[in-house]
Structures are given as C-alpha cells and as structure tokens.
Amino acid sequence: MRTFNWAVLGPGNIARKFAADLAHVPGAQLHAVASRSLAKAQAFAAEFGAPHAVGSYEELLTVPGIDAVYVATPHSEHHAHTLLCLRGGLPVLCEKAFARNAGEAQEMVRVAQEQGVFLMEAFWTRFFPAIAQALELVQAGVIGEVKHLVADFGFAATFDPKGRLFDPALAGGSLLDIGVYPLFISQLFLGAPATVRAVSTPTGTGVDANCAMALAYASGATATLFSTIAATTDNRCVLYGTKGQLQLLGRFHAPTGVRVQLVGEAEAQEYPAPNAGGGYHYEAAHVQQCLAQGLRESPLLPLAFSLALMELLDAVRREIGLRYPGE
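For the sequence shown, UniProt numbering gives the first residue as 1, with consecutive numbering after it.
Here is the structure:
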C-alpha cells in the first residue's frame, strides 16, 4: 500500500488529536509539521515520528513529498494559511469553521478551483458512521416528515482575554468554535433556512458567550440551536418527525449511534456505531480516498455546503451584531 504523507500546519491541541488518529488510517503517516516556533514543530514531529519540522508556515512549501496539509490554526488564520498551501499546489483539509466569513471562504474555494487543487473543510462530524446511518433513516422516511430539530453544544471555558476562545482578533466566541456544530447538523438534515433569528450574551471581550438560534425552513420545519462557552450542556441532537423521533447518541458531534422512537411503539430501536480512535481518522481516510480518485472536492462534504454554512454563520452574526477586527 502506498504511504500517504500528511503535513500539519499549526501543531495545537486539535492537531494532536488528528495526528494520533492517523494510526487508524491505512497507509497514513505524519510527514511534516509547521509552526511559527521551530522548537514546537520539532517536539510535535518527534512525538508522532514525522521526519520534517519547520519553523515557519511558508517553509512548509519547500518540504518534498507532502500529499495533503491539515490546517489547524485559529479561525482567523484559516483563510491565509489555506491560500498559502493551495497556491503552493498542496491539497488542504482546513479545520472548521472554514474561515471567519463567507467572503474569505469564497476566495479559498475560488483559488482551489483556479489551481486545480483539492480543498475540504475538516468537519469531522460528517464522516462518522452514525451520521451516515441517521441520514439513511431520515431519508427513508422512518420518522416521517421532519418537523423540528434541536441541538446544543456547550462547555465552561476559563476566561482568558488573549485565548483563542475569547480574543476577537482570533475570531473567538462560542459561535465559530462550537455553535457551528448545531448549525452544521441542521443544514445537513434540513438544508438552508428561510429565516434566521438569534440572540447572544457577550463575554468581557465582546465575543459571544452564549448564542441561541431559531431557524425556519420553507418545508415548514423549524430548528432551535444553542452554543455556549459559559456552561456545560448535554451536547444533544434530536429530530422530531411525524412518525417518531431520532436521537444521535453520545455527543452529537461525535455520535456513537442512533436511537429511533416511533409513535405508538413501546421500545426504541438503537443502531450502535462505536468509533475507533478519536474519530478524526474518518475525515483523513475520506480525503485520501478523494485524492486517490483524482477528485478536487468531497462528494460527501462539497465546497458548496461549506460556503452555505459560512453564509449561515454570517447571518447569525448579523443578528447578534458580532464583527471581528479587520472585517
């Protein structure tokens, strides 16, 4: 089997989870690490057995043999770092949120298409087996016509005005970091909303601590979504249909199965889908499959979906009056 050489741009916490999960992807290995700190890049490379470590993002383009780059820097940097790699001819898997706003995301997509280089948002949730199972059940009409979706994601973060979760310059706040998950799952099952309403509570730096969203769709369905970095929530997603309800088991953004409770049935039906590793290997394996087939984007998570999601995030930010420096 041919070895697939991954590079990590931005060796932080999420990149560490991704790199560890490459052990679950046939043929995958960490080949290079790029950081603004050479010492940090070298330490990360040593931890995961990567032969190359560089002390600048630009220098990554000089490393031979890279098959794809995982961009794992803060949201505010996704646009610049993705463009750097794309213009260097390197396929990119870019962490969610794809960019700060739809304008940045549109330029990323345009450059990828002009360069003829693969680009995909690293929305790992899309590739979990339980998500495929849930989509199949909903599309088969098992719970009837979906009328409402509810999803929440929250954890209590320690306030740090210079930390990525709270710094406006890093596009901090609950919305782009974790509010994107409820919005993603609503878009996956219900499509684009016709109406978006939202309210929020600001942190001491002005970014959102809480964000509550209400969406309505042309189909007649609605969704209520919530994110917070001020409290721990159930991290739960339920779809309510005319014949019953479907719940994603475990944390909905990394689900371990599906439960279906039909109207009039005493017992719920469960479809377990346990995950190997941390779950990041699913997206990595999918990128490798796409590139092996010569694709320039994913058929499961096309660029149009990511652009629509960024437009939805922009709509929510307009509702809550949140702008990031430099926009």
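For each residue, glycine too, the CB sits at the ideal point set by N, CA and C.
Check	Outcome
What three-state label does DSSP hand R296 in the structure shown?	coil
If you measure between the beta carbons of P325 and P168, is that distance less than 7 Å?	yes
Exposed or buried, which one is M120 when buried takes at least 16 other CB atoms within 10 Å?	buried
Quick check on this structure: which residue in Q29, R2, A315 has the alpha carbon closest to the alpha carbon of A192?	A315
Does the beta carbon of G250 sit closer than 7 Å to a beta carbon anywhere in chain D?	Reference to chain D is not applicable here, since this structure consists of a single protein chain.
Can you list, in chain order, the stretches of the alpha helix (DSSP H) that have 4 or more residues and sit fully within the segment 55-100?	78-87
Would you mind giving the Cβ-Cβ distance between T222 and F153, rounded to the nearest angstrom? I have them listed as a contact below 8 Å.	In fact, because the Cβ distance is near 19 Å, the residues do not count as touching under 8 Å.
Are the segment 162-182 and the segment 133-143 touching by the rule of at least three beta carbon pairs closer than 8 Å?	no
Whole-angstrom Cβ separation of residue 329 and G241, contact assumed at under 8 Å?	Residue 329 is absent from the model: the chain starts at 1 and stops at 327.
When DSSP builds the beta bridges, which residues end up paired with P202?	D208
Assuming contact is defined by CB atoms lying nearer than 7 Å, are F127 and Y282 in contact in what I supplied?	yes
Measuring straight from C-alpha to C-alpha, what distance separates L301 and E58?	28 Å
When we look at the beta-carbon of P129 and count the other beta-carbons within 10 Å, is it buried (16 or more) or exposed?	buried
If you follow the alpha helix (DSSP H) that M108 is part of, which residue opens it and which one closes it?	102-115
Compute the beta-carbon to beta-carbon distance between L38 and A53, rounded to the nearest angstrom, for a pair I have assumed lies under 8 Å.	7 Å
Going by C-alpha distance, which of H79, T3, Y181, A308 is nearest E327?	H79
Determine the burial state of P11: buried for a count of at least 16 other Cβ atoms within 10 Å of its Cβ, exposed for fewer.	buried
Use the C-beta contact count for R2: other C-beta atoms within 10 angstroms, 16 or more gives buried, fewer gives exposed.	exposed
Quick check: the Cα distance between L84 and Y70, rounded to an integer number of angstroms?	12 Å
Could you tell me which of N275, F118, L215 sits nearest to Q293, measuring between CA atoms?	F118
Are the CB atoms of I178 and S227 nearer to each other than 7 Å?	yes
How would you call T195, buried or exposed, if buried means at least 16 neighbouring beta carbons within 10 angstroms?	exposed
Assign A45 to one of two classes, buried (16 or more other C-beta atoms within 10 Å of its C-beta) or exposed (fewer than that).	buried
To the nearest angstrom, report how far apart L86 and E114 are at their CA atoms.	10 Å
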